[in-house]
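Written out below as C-alpha cells is the structure these notes cover.
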Amino acid sequence: MNLSSIDIVIIFLYLAVIVGLGFWISKKASKNIQSYFLGDNNIKWYWLGFSNSSGMFDVSGTAFYVALLFVYGFKAAWLPWLWPIWNQIFVMVFLAIWIRRSNAMTGADWIIKRFGDDRGGRLAHIIVVLFAIVSVIGFIGYVFVGIGKFSGSILPWDLTNPLLTSQQTYAVIIVALTTLYTVKGGMYSVVATEVLQYGILLVSCVLVVTYAVHDVNYVELHKKVPEGWSNFWPTWKLDVNWSNSFPQANQKIAEDGFTWFGALVMMMIAKGVFSSLAGPVPGFDMQRILSAKKPKEAAMLTGFTNLVLYIPLFMMVSALTLIGINYFMPVLQEQQQPDFEIILSKVVGGYLPAGVRGVVLAGLLASFMSTFSAFVNAAPAYLVNDFYKKYFRPNEAPGHYVKWSYITSVGVILTGCIFGLFANSLSSLTLWISSALYGGYAAANVLKWIWWRFNGYGYFSGMLVGLISATFVPHLMDLLSTAYFPQYADLFGSGIGTLISFFIILVFSITGSILGCLLTPAPNQQVLTEFYTNTRPWGWWKPVARWAKMADPSFVPNQQFKWDVLNILVGICWQMSMVIMPICFVFGYFEKGFLAMAVWLVCMVVLKFTWYDRLHITAGDSIPTATGTRVHELAENN
27 MNLSSIDIVI IFLYLAVIVG LGFWISKKAS KNIQSYFLGD NNIKWYWLGF SNSSGMFDVS
87 GTAFYVALLF VYGFKAAWLP WLWPIWNQIF VMVFLAIWIR RSNAMTGADW IIKRFGDDRG
147 GRLAHIIVVL FAIVSVIGFI GYVFVGIGKF SGSILPWDLT NPLLTSQQTY AVIIVALTTL
207 YTVKGGMYSV VATEVLQYGI LLVSCVLVVT YAVHDVNYVE LHKKVPEGWS NFWPTWKLDV
267 NWSNSFPQAN QKIAEDGFTW FGALVMMMIA KGVFSSLAGP VPGFDMQRIL SAKKPKEAAM
327 LTGFTNLVLY IPLFMMVSAL TLIGINYFMP VLQEQQQPDF EIILSKVVGG YLPAGVRGVV
387 LAGLLASFMS TFSAFVNAAP AYLVNDFYKK YFRPNEAPGH YVKWSYITSV GVILTGCIFG
447 LFANSLSSLT LWISSALYGG YAAANVLKWI WWRFNGYGYF SGMLVGLISA TFVPHLMDLL
507 STAYFPQYAD LFGSGIGTLI SFFIILVFSI TGSILGCLLT PAPNQQVLTE FYTNTRPWGW
567 WKPVARWAKM ADPSFVPNQQ FKWDVLNILV GICWQMSMVI MPICFVFGYF EKGFLAMAVW
627 LVCMVVLKFT WYDRLHITAG DSIPTATGTR VHELAENN
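In our numbering, each residue carries its 1-based index in the sequence shown increased by 26.
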C-alpha cells in the first residue's frame, strides 16, 4: 500500500508530538507511586473521562466491530454485550462510588480493606494481583495482534525478518514508541496523551463519516446487503442470510457460533449481570476511578465516559463498514476464506483520499496507543505497590518504587507481546478474555460486594478455581463438541460455546468460593464494620449494619437499591441507543435513527433526575459512619 507524502508526514508528526508530550508531562509523575499511578488524585474528572473513553476506543476493538457490523448488520449492536459493554452503567450508577470511597491505590489494595490483612486477606490479595497481571497480559496481547494486523495491512514497507513477520515487526515498533512515554510518565502522561488522542480520534471520525456518506446512493447500498441485515431486534435464529450474494459470510456466522441468536442474547444478558455486578477488573478502568478526587467525581467520570465514547466510536465503525460494503466487498467475495478482521485496514488504506487517510491513520494509531498505555500503567501498580512494596521492601524511598515501576512495566509489556505473537486472531482473544477469564472473576467479586460472611479464604479459593477453570474448560468444550456432538457444531461454536464455558467456569468458581468461605472462620468483625460503614454497599449485610448502628446510632445503611436498579435499566437503554443511533443514521435508515435519538434523549432526561441530581445522596461523604475506635471497642466486647 503506497501512502502519499502528506499521509506519512501526518503520521510521523503525530508520533513526534505524542511522545514529546508524554516526556514533557513525565516530570510530575516521578515524585512517588501515588503520583505515578493515580496522578496524586488531582486530575479533573472530565479529563479522566476523556482519558477513559480514549482508552476504550482501541484499534483492535474497532476492527472487531467493523467485521461484526459488516457480517451481522444491525444485530451487531448486541454483540458488544459479550464483554459486556454495559458494565460501565453499573459502574456509573453505584460501583464507582463504592470503589472510590476506599481511598485505595489499586484493586488489590482495595481487597485488603475488604478482607483485612490476616492470612485470608493476604491470600485474597495475592490472587487478585495474579489475576490483574494475567488479564493485563491478555489485553496487551489483544491490542498487539490488532495493531499488527492493521499496520501490516496498511503501511507500505515490508519489515519481514528472520524472527518476525512484517505485521509483528510493526507491532513491536509501535509498542516500543508507546512504551517510551507511558513508562516514563505514569498516570499524568497517560491522561494528557489520551486527551490529545481523543481529540485526534474525534477529528478522524468526522472526516471518515463525511467522506463515507457524501454522494452515497442509499437505495443501491441497501440492495447490497441481505434481507434482515437492517433488523435491530434479536430473533431466536439469526435472520441474516448471505447465501445469494456472499456465502462466505454465512460460513463466518457458523464459525462464530452466532446462528442461534436469541439463545446467545439471553445468555449474554445473564452473563452480563454477573460480570457487571462484579465490578471492573483490576486494570485501567479501576485506576481511573481510584484517581478521581472524590466518590461523586468517580461516578461522573464514568457517566461522561459513556456519553463521549459510544456515538463517535460507532459513527466511525459504521462509516468504515459502509465504505467496505460499497467498495471492498467485491474483493472479499473473490476469496475462498476472507479475513473480515482486515476490512478496517483495507478500507482506510485503499479507499480514503490522501490527507484524510493520514489523519484517520493517526487517529487509529492514537486509539491503539491510548489503550496500550492505559493497560501498561495499570499492571505495574499491582506488582510494585501490592506485591514488591507490601511483601519485600516496604520502607524504601519513593524514587525506589518509581524505578521499579519502570522495570516491571517493561517486563509486563514484553510478556504481553510474546502472548500476542502466539494468538490466532482478535476474535479468539476477545472471546477468551470476555468469557473464560471473566467467568473466573465474576463469582468471587460479586460475593465480596453483597454478602457479609464472605471472607478472604473464600475469595482466594473462588478466584483460584476460576483461573484454573478458565485455562481448561474452553479446551474441554472444544473437545466434547468435536468428538461427541459434531451434529451440534454450529450451536457450540465459538459464540455460544464460550458463553456456555463462562457459566461452567462460574459454577466452579461459585462452588470454590462458598466452600472456601464456609470451611474457614468468619471475617473479622472490626474489618467488616469499618469496610461497611466506609463503602456502604447494599446486599446481605444485616449483622454488620447492626454492629455499625451500635457504634454510631446515627449511621444510615444504603437505601438506594431500588433507585440503582431503575438507573441501571434506564442506563442500559441509554447506552444501547448510543450504539444503534449512529449506525442507523450513517446507513440511511433515518426513521430508525430518529427513534433511537428519541430514546437517547428521554433516557438522558430521566437519568438527570434519577441519577445525577441524586449524586449528593448516593455519593455524598456527609453520611455518618462509625468511627474506628468505637468499632474496635464493639468488636472486642463481642
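Every residue gets a Cβ at the ideal spot worked out from N, C-alpha and C, and that includes glycine.
### Query
Hey, Ser371 and Leu227 are a contact pair by Cβ (cut 8 Å); roughly how many whole angstroms apart?
Not a contact, Cβ separation roughly 17 Å.
### Query
Can the beta-carbon of Leu592 be found less than 7 Å from the beta-carbon of Thr636?
yes
### Query
Tell me which same chain residues have a C-beta within less than 7 Å of the C-beta of Ile123, skipping the five on either side of it?
Pro321, Ala324, Ala325, Thr644 and Ala645
### Query
Can you list, in chain order, the residues of its chain whose CB lies under 7 Å from that of Ile349, leaving out five sequence neighbours each side?
Ala238, Val373 and Tyr377
### Message
Pop quiz: Val119 and Asp590 are said to be a contact at Cβ under 8 Å. What is the actual Cβ separation, rounded to whole angstroms?
### Response
5 Å
### Query
Residues in its own chain within less than 8 Å of Gln362 by CB, not counting five upstream and five downstream?
Gln274
#### Entry: Rounded distance between the beta-carbons of Ile368 and Phe179, thought under 8 Å
According to the sequence as given, residue 179 is Ser; it is not Phe. Contact flag correct, Cβ pair sits at about 5 Å.
### Residue environment, Phe620, which counts as buried when at least 16 other CB atoms sit within 10 Å
exposed
### Query
Is Phe518 helix, strand or coil by DSSP?
Unreliable positioning characterises Phe518 in this predicted model, as indicated by a pLDDT of 49, which lies under 50. The coordinate reading is nonetheless provided below. Reduced to three states, the DSSP call for Phe518 is coil.
### Task
Look at the alpha carbon of Leu391 and the alpha carbon of Tyr168, and state the distance between them as a whole number of angstroms.
15 Å
### Query
Are the CB atoms of Ala134 and Phe141 nearer to each other than 7 Å?
no
### Query
Taking the alpha-carbon positions, what's the Glu617 to Trp255 distance?
16 Å
#### Entry: C-alpha gap between Gly425 and Ser435, whole angstroms
15 Å
### Query
Looking at the unbroken alpha helix (DSSP H) that takes in Pro424, where does it start and where does it end?
Pro424 to Leu447
### Query
Taking one C-beta from the segment 338–348 and one from the segment 151–167 each time, how about it: are there three or more such pairs within less than 8 Å?
no
### Message
In the DSSP output, what is Trp566 paired with across the bridge?
### Response
Trp477
### Task
Would you identify the three-state DSSP class for His248, choosing helix, strand or coil?
helix
#### Entry: Completely contained alpha helix (DSSP H) runs for the segment 364–406, where each covers 4 or more residues
369–377 and 382–406
### Message
Relative to the C-alpha of Trp73, which candidate in Thr328, Met489 and Ser495 has its C-alpha closest?
### Response
Thr328
### Message
Threshold first: 4 residues or longer. Then list the alpha helix (DSSP H) segments lying entirely within the segment 286–356, N to C.
### Response
287–304, 310–317 and 321–349
### Message
Let's see if you can read the secondary structure: which residues bound the alpha helix (DSSP H) around His642?
### Response
Leu641 to Thr644
### Query
For Trp573 and chain B, any beta-carbon pair shorter than 7 Å?
Although the question refers to chain B, the structure presented lacks it and comprises just one protein chain.
### Query
Would you call Tyr485 buried or exposed, if buried means 16 or more other Cβ atoms sit within 10 Å of its Cβ?
buried
#### Entry: C-beta contact flag for Gly305 and Asp33 at 7 Å
no
### Own chain partners of Val35 with C-beta closer than 6 Å, once the 5 adjacent residues on each side are dropped
none
### Same chain, Cβ closer than 8 Å to Met623, neighbours up to 5 away in sequence not counted
Ser603 and Met607
### Query
Who are the near neighbours of Thr205 in its chain, counting only those whose CB is closer than 6 Å to its CB and skipping five residues on each side?
Ile439
### Message
Is the separation between the beta-carbon of Thr441 and that of Ile163 shorter than 7 Å?
### Response
yes
### Query
Of all the options Val235, Pro420 and Gln193, which has the alpha carbon lying nearest to the alpha carbon of Cys610?
Val235
### Message
Just verifying my parser: in three-state terms, what is the DSSP assignment at His240?
### Response
coil
### Query
From Ile44 to Leu95, what distance separates their C-alpha atoms?
31 Å
### Message
Let's see if you can read the secondary structure: which residues bound the alpha helix (DSSP H) around Gln585?
### Response
Careful: Gln585 lies outside any alpha helix (DSSP H) and carries neither H nor E.
### Message
Between Pro549, Leu190 and Lys634, which has its C-alpha nearest Gly147's C-alpha?
### Response
Pro549
### Task
Using a threshold of 7 Å, state whether the C-beta atoms of Ile37 and Ala380 are closer than that.
no
### Task
Count the C-beta pairs between the segment 253–267 and the segment 280–289 that are closer than 8 Å, then say yes if the count reaches three, no if not.
yes
### Message
Is the separation between the beta-carbon of Tyr336 and that of Val605 shorter than 7 Å?
### Response
yes
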